[in-house]
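> This is the structure I have questions about; it appears just below.
In my numbering, the protein residues as written are 18 to 364.
Here's what the structure looks like:
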């Protein structure tokens, strides 16, 4: 006889009930925690016509719930400063950042509050537009830009710039010449001897430019005028592109060009060769018609834009010495040369 068979029916029913209750407790899912409660957030931006670099301030206001909170704000608008305080039963977050973008971006704000096992959350967003801080472009008075001579230009040749600008009012900013860096062989050189005069209904500006390097040049000219009646500003603008080729003739100087001295003494001669700095340059390119000249030094002079050499001449005999130095080199398939002379009287 089994043990369970000896149990009375009431006891058997009680035991079966206990087992069923245990099984139910094992298989029933755990009750989920309460869901978070949404609360409203009032997010405002300080009024203003914001431009690049301006400081922008925002304020978010939320009714206080629970006894602790956590604030999150977007960081994609740049470095953000956030300060949250409790004022009259409301959480107030004040935020500021420097506008480092142009156009529109969205600012996101959220706050979570906790208390008694409950969570309250609030979200808000606002779009902030930032404009470019560059001044509004002014109307342009197209100027006529010409050069003289206009053809067969070579390095070292003096070129005259002439710009004729329609008269739109008094000059508030004097005209200037600049060279586009990306479109000019040399953008560091200046236009010299500038002069502007008014002749009837136009301004005429002239200047002179002597290129030191071959290549393309794109000078631009601009000036600002103001209409006497409307006070409207006008920009006078003109540009001109031209090519400069290597000069087949090299400028060579020799000094002194005349000298008097005694036999057995030393005289020092300075020679310059006006060519751009080049690895192809060497002393072998320099020749003298008179032997016995010693090179003291030779170097490239950045300010001069050419090579500067110093020589020593030591004549032992009396007489007149006609010294000549010649320089010859090839550049981009073009043979270039130059000469200079000096006369030394030896007593």
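C-beta atoms are modelled at their ideal positions from N, C-alpha and C, and glycine is treated no differently.
Quick one: Cα of residue 224 to Cα of residue 209, how far?
Along the chain shown, read from residue 1 onward, the residue named residue 224 stands at position 207. Along the chain shown, read from residue 1 onward, the residue named residue 209 stands at position 192. Answer to the nearest angstrom: the Cα atoms are 6 Å apart.
> For residue 69 versus residue 147, is the C-beta distance shorter than 8 Å?
If you number the chain shown from 1, residue 69 lands on position 52. If you number the chain shown from 1, residue 147 lands on position 130. In contact: residue 69 and residue 147 (Cβ atoms closer than 8 Å).
> How many angstroms separate the CA atom of residue 109 from the CA atom of residue 154?
To locate residue 109, count along the chain shown from 1; it is residue 92. To locate residue 154, count along the chain shown from 1; it is residue 137. Rounded to the nearest angstrom, the two C-alpha atoms are 42 Å apart.
> Who pairs with residue 318 in a beta bridge, going by DSSP?
Position 301 of the chain shown holds residue 318. In DSSP, residue 318 forms a bridge with 323.
> Report the residue from 256, 300, 59 and 188 whose alpha carbon sits nearest the alpha carbon of residue 14.
One cannot answer for residue 14 here, as it falls past the ends of the chain, which runs 18 to 364.
> Going by other Cβ atoms of all chains shown within 10 Å of its Cβ, with 16 needed for buried, is residue 330 buried or exposed?
As a first step, residue 330 is located in the chain shown; it is residue number 313 there, counting from the start. With 16 or more Cβ atoms within 10 Å of its Cβ, residue 330 is classed as buried.
> Answer with buried or exposed for residue 334, where buried requires no fewer than 16 other C-beta atoms within 10 angstroms of its C-beta.
Taking the chain shown and counting its residues from 1, one reaches residue 334 at position 317. Exposed, by the Cβ-count rule.
> Residue 185: which of 57, 82, 215 and 296 sits nearest, CA to CA?
In the chain shown, counting from the first residue as 1, residue 185 sits at position 168. Of the listed residues, the one whose Cα sits closest to residue 185 is 215.
> Check for me: the beta strand (DSSP E) holding residue 196 runs from which residue to which?
To locate residue 196, count along the chain shown from 1; it is residue 179. It spans 187 to 196 - the beta strand (DSSP E) in which residue 196 sits, taken as one unbroken run.
> Under the DSSP definition of a beta bridge, which residues are partnered with residue 214?
Here residue 214 is taken as the residue at index 197 of the chain shown, counted from 1. According to DSSP, which records beta bridges pairwise, residue 214 is partnered with 221.
> Could you pull the start and end residues of the beta strand (DSSP E) that residue 140 belongs to?
Numbered from its first residue, the chain shown carries residue 140 at position 123. From DSSP, the beta strand (DSSP E) with residue 140 extends over 135 to 147.
> Taking residue 269 and residue 231 to be in contact with their CB atoms under 8 Å, please state how far apart those CB atoms are, rounded to whole angstroms.
Residue mapping note: residue 269 aligns to position 252 of the chain shown, counting from 1. Residue mapping note: residue 231 aligns to position 214 of the chain shown, counting from 1. Not quite, the Cβ-Cβ distance comes to about 18 Å (not below 8 Å), so this is no contact.
> Look up residue 167 in the DSSP assignment and say whether it is helix, strand or coil.
For the purposes of this step, residue 167 is taken as the residue at position 150 of the chain shown. Here residue 167 sits in coil by DSSP.
> Can you give me the start and stop residues for the beta strand (DSSP E) that residue 126 sits inside?
What you label residue 126 is simply residue 109 of the chain shown in a count that begins at 1. Element bounds for residue 126: 120 to 132.
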